[in-house]
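Some notes on the structure that comes next.
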Amino acid sequence: MRKELTDLGVQEVTTPEEVDQMMKDTSKGTTLLIINSVCGCAAGNARPAVKIAMDNSKKPDHIFTVFAGQDKEATAQARSYFSDFPPSSPSFAFFKDGDIKAMIPRHRVEGRSAQEVAQDLLMVFDAFCEEPATS
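Structure (structure tokens):
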């Protein structure tokens, strides 16, 4: 469950202090925060959607994850950065220059295919992320 994301290069944070440091370190540029979960829609839809979306040419500068239900304090701290949205997992929070720009909550994951969830992620990536520089 965790490895599916870390194998994609997603950085996992497990403590409130790590969350705060990550948010500080990623305050410039674009950041995708994934609230991971043990539920079936995380396994069947959310994590596979991340894998699909990672093939896009436009991607966030930073991607990290917390695991709801297992790393409870880290998850609560992560959610404090987008407290206007009700807690849900799995979910995705997207930040640009430290400000929340988009939220994909559980109800946009549950009952949809991984491809449909990936399309939501890609719309956000295309709207806010830059093309990688070519050399």
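Under the numbering used here, the first residue of the sequence shown carries the number 252, and numbering increases by one thereafter. Yeah, the Cβ is synthetic: ideal placement off N, Cα and C, and Gly gets one too.
Whole-angstrom distance between residue j and residue i, CA atom to CA atom
i    : j    : result
H313 : G362 : 27 Å
L372 : S278 : 20 Å
K254 : F318 : 11 Å
A334 : P341 : The identity of residue 334 in the sequence shown is Ser, whereas the question assumes Ala. The straight-line gap from Cα to Cα measures roughly 16 Å.
F345 : P338 : 15 Å
I351 : Y332 : 8 Å
M274 : A327 : 14 Å
V360 : Q321 : 20 Å
Residue of the options minimising C-alpha distance to residue i
i    : options                   : result
E381 : I351, K310 and Q321       : K310
R298 : A369, V375, N307 and T281 : A369
F376 : V301, A294 and S364       : V301
N296 : R357, F379 and P383       : R357
T265 : A325, M305 and N307       : A325
D276 : D322, A327, G349 and D306 : G349
L284 : N307, Q321 and A353       : A353
C292 : E268, E367 and M374       : E367
Nearest-angstrom beta carbon gap, residue j and residue i [assumed within contact, 8 Å]
i    : j    : result
F343 : I355 : 4 Å
V347 : T281 : At residue 347 the sequence reads Lys, which differs from the Val that was named. Yes, they are in contact, since the Cβ atoms of K347 and T281 sit about 5 Å apart, within 8 Å.
I303 : A365 : 6 Å
V270 : A329 : 5 Å
### Cβ contact (3+ pairs, closer than 8 Å) linking the region 313 to 323 and the region 260 to 270
Touching, per the Cβ criterion.
### Query
In chain order, which alpha helix (DSSP H) runs of at least 4 residues are fully inside the region 287 to 363?
298 to 304 and 323 to 330
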